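All remarks here apply to the structure that follows.
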Amino acid sequence: MEFFLDTGMVDEIRQALDWGILDGVTTNPSLIAKTGRPFLEVAKEILELVDGPVSLETVSRDAEGMIREGRMLAELGDNVVVKIPMIPEGMKAVQVLESEGIPTNVTLVFSPSQALIAAKAGASYVSPFIGRIDDVSSDGMKLIREVKQIFENYQIETQIIVASVRHPMHVVEAALIGADICTMPFEVMKKLFQHPLTEKGIELFLKDWERVPGRPF
Ligand code: G3P
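Per the numbering used here, the very first residue in the sequence shown carries number 110; after that it's consecutive.
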């Protein structure tokens, strides 16, 4: 499963790249707003840093506007993926952009039928929002299982990006289901490393090392 960061923060992206575990980045208008920086400046920096796909979101509500914005975003780099909301006008835009070789990521997906529609429209990626489903007392991961099953039934090539991730177990469950990609906040990525027994083990080894004679380091 590929790891994407769901962020507009360049420092977080640099850190994940240093760890060697970053495959791509997703952004949305809220994440860009959080940076407090001009959109184009942030987008260009991210696109230069990351080799993999970088999702940048359109904000128009009609197909014409989304296509115009999508083409503009695609000019920013070879690795741009245009994020399009899951509405009928959005699916018109997906068809046009994909036919021009511009990959799309259909966002704000909350049901298997929406994922199927996005795939039929030709989207390269679909982003079911699992945390927001959990937030309303429902089962976000069930949606991932269902979308995965439907895509397998028909050999659909649209990749599933598990989005709106809140904690490490979301990542683990996504991998167990076999989702293609999991996009996560930096805080969740950091937590994936952590285990109390690892810390405890290091402390014990270092303490015992002090008793070893002729230590070369
Ligand atoms: O970027 C899309 C999605 O991951 C947003 O997550 O935490 O705002 O529900 P969240």
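Just so you know, even glycine gets a beta-carbon here, dropped at the ideal spot from N, CA and C. Please read these numbers as outputs of a predicted model, since none were measured by experiment.
DSSP bridge partner residues for residue i (one or two, in chain order)
| i | result |
| --- | --- |
| I265 | Partner(s): none; I265 has no beta bridge. |
| F113 | G133 and T292 |
Where residue i falls: helix, strand or coil (DSSP)
| i | result |
| --- | --- |
| S169 | coil |
| V99 | The requested residue 99 does not occur in the structure, where the chain is confined to residues 110 to 326. |
| P237 | strand |
| V163 | strand |
| A232 | coil |
| R320 | coil |
Option nearest residue i by Cα separation, candidates the options
| i | options | result |
| --- | --- | --- |
| E111 | M118, R324, T135 and E121 | T135 |
| P194 | M278, G129, S208 and G179 | G179 |
| V280 | G129, N137, I155 and V297 | V297 |
| K201 | G174, H276, G186 and L182 | G174 |
| I239 | A228, V159, A224 and R177 | A224 |
| I122 | T144, L185 and T307 | T144 |
| D160 | I259, G249, F113 and S236 | F113 |
| M250 | I259, P237 and N262 | P237 |
| G133 | A172, P325, I290 and F326 | I290 |
| D171 | A232, P197, Q264 and V189 | P197 |
| V218 | R275, S169, A283 and V256 | V256 |
| I226 | S273, Q204 and L131 | Q204 |
Any non-hydrogen atom of the ligand G3P closer than 7 Å to residue i Cβ
| i | result |
| --- | --- |
| G240 | yes |
| N188 | no |
| A272 | yes |
| N262 | no |
| S236 | yes |
* To do: Jot down the residue ranges of each uninterrupted beta strand (DSSP E) in the segment 169-224, minimum 3 residues, whole runs only, in chain order.
  => 189-194 and 213-218
* Write down every uninterrupted run of the alpha helix (DSSP H) in the segment 248-303 whose length is 4 residues or greater and which is fully enclosed by it, in chain order. => 249-262, 277-286 and 295-302
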